Ligand SMILES: CC(C)(COP(=O)(O)OP(=O)(O)OC[C@H]1O[C@@H](n2cnc3c(N)ncnc32)[C@H](O)[C@@H]1OP(=O)(O)O)[C@@H](O)C(=O)NCCC(=O)NCCS
């Protein structure tokens, strides 16, 4: 499969093409299973159902041959309307290394709901090399900087049970033109 085949239309794509779309409530169970298979903290299926409904405008799935192989969940924090906060990004092992995670994140910036977004934020533990590489690559694609600082700390917030999560900020950036950045990623 060539990445140029990635499309966003609603027609049925030919075999092995990857299609990005908004999640629907019927996707919740598949997304839950995808996250559970990964190294990410799993959430309740109910949480995924809320993401697929109330937060669908800032979440996306990547679908290949009718199967969900990629997922990004995000939201716009009520106090920060110019921020897209990325909660989780997950790509199934068979679809990794093709730029899917990066395209999933960038695809959200073209949504009407993200018209005012000028920064992306997320939290990453220090040892998650894949995430640092992914968000670094997103910053590079958007032509802006990535900054980090400790946010939820092991001792103050996780009662020693979880590594410190560093707050990552990408931006500020200008809103990309529709699909221009995703296609060129
Ligand atoms: C992390 C993850 C989402 C990456 O998905 P992916 O579709 O393979 O990532 P992409 O192909 O879009 O890669 C984007 C960039 O990150 C880099 N990258 C991806 N995985 C990497 C890894 N394991 N180690 C180092 N760099 C990595 C790529 O080289 C690429 O860099 P480039 O654009 O400069 O070439 C996927 O491995 C995954 O689901 N992991 C388990 C869950 C997880 O850790 N999620 C992230 C935390 S929310």
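In UniProt numbering, the protein residues as written are 1 to 185. Positions of the beta carbon are idealized from the N, C-alpha and C atoms, including for glycine. Since we're looking at a predicted model, the values are computed, not measured.
message = Considering only the alpha carbon of each residue, which of 98, 144 and 36 lies closest to residue 62?
response = In the chain shown, residue 62 corresponds to position 62, counting from 1. For the residues 98, 144 and 36, the minimum Cα distance to residue 62 belongs to 98.
query = For the 8 angstroms Cβ check, are there 3 or more pairs between the stretch 96-112 and the stretch 154-161?
reply = no
inquiry  = Would residue 119 and residue 176 be called neighbours here (beta carbons separated by less than 9 angstroms)?
reply    = The residue you call residue 119 lines up with position 119 of the chain shown. The residue you call residue 176 lines up with position 176 of the chain shown. Against a cut-off of 9 angstroms, the Cβ pair of residue 176 and residue 119 comes out as no contact.
query = Which residues mark the beginning and the end of the alpha helix (DSSP H) in which residue 105 is found?
reply = Taking the chain shown and counting its residues from 1, the one referred to as residue 105 is at position 105. First-last of the alpha helix (DSSP H) with residue 105: 100-108.
message = Between the stretch 120-128 and the stretch 159-170, can you find at least three pairs of beta-carbon atoms closer than 8 angstroms?
response = yes
key: Sufficient close CB pairs (3 or more, under 8 angstroms) joining the stretch 75-84 to the stretch 15-30   = no
query = Going by other Cβ atoms of all chains shown within 10 Å of its Cβ, with 16 needed for buried, is residue 145 buried or exposed?
reply = One-based indexing of the chain shown puts residue 145 at position 145. Flag for residue 145 reads exposed.
task = Name, in chain order, the residues that DSSP records as bridge partners for residue 67.
result = As a position in the chain shown, residue 67 is number 67, starting the count at 1. Beta-bridge pairing links residue 67 to 64.
query = Is there at least one non-hydrogen atom of ligand 1 closer than 8 angstroms to the beta-carbon of residue 161?
reply = Mapped onto the chain shown, residue 161 falls at position 161. No, ligand 1 has no heavy atom inside 8 angstroms of this Cβ.
ask   = Just checking my contact of residue 40 with residue 68 at CB under 8 angstroms: how many whole Å lie between their CB atoms?
value = Counting from one through the chain shown, the residue named residue 40 turns up at place 40. Counting from one through the chain shown, the residue named residue 68 turns up at place 68. So it is not a contact: roughly 15 angstroms between Cβ atoms.
inquiry  = For residue 94, count the other beta carbons within 10 Å of its own beta carbon; 16 or more makes it buried, fewer makes it exposed. Which is it?
reply    = For this step, residue 94 is matched to residue 94 along the chain shown. Residue 94 should be labelled exposed.
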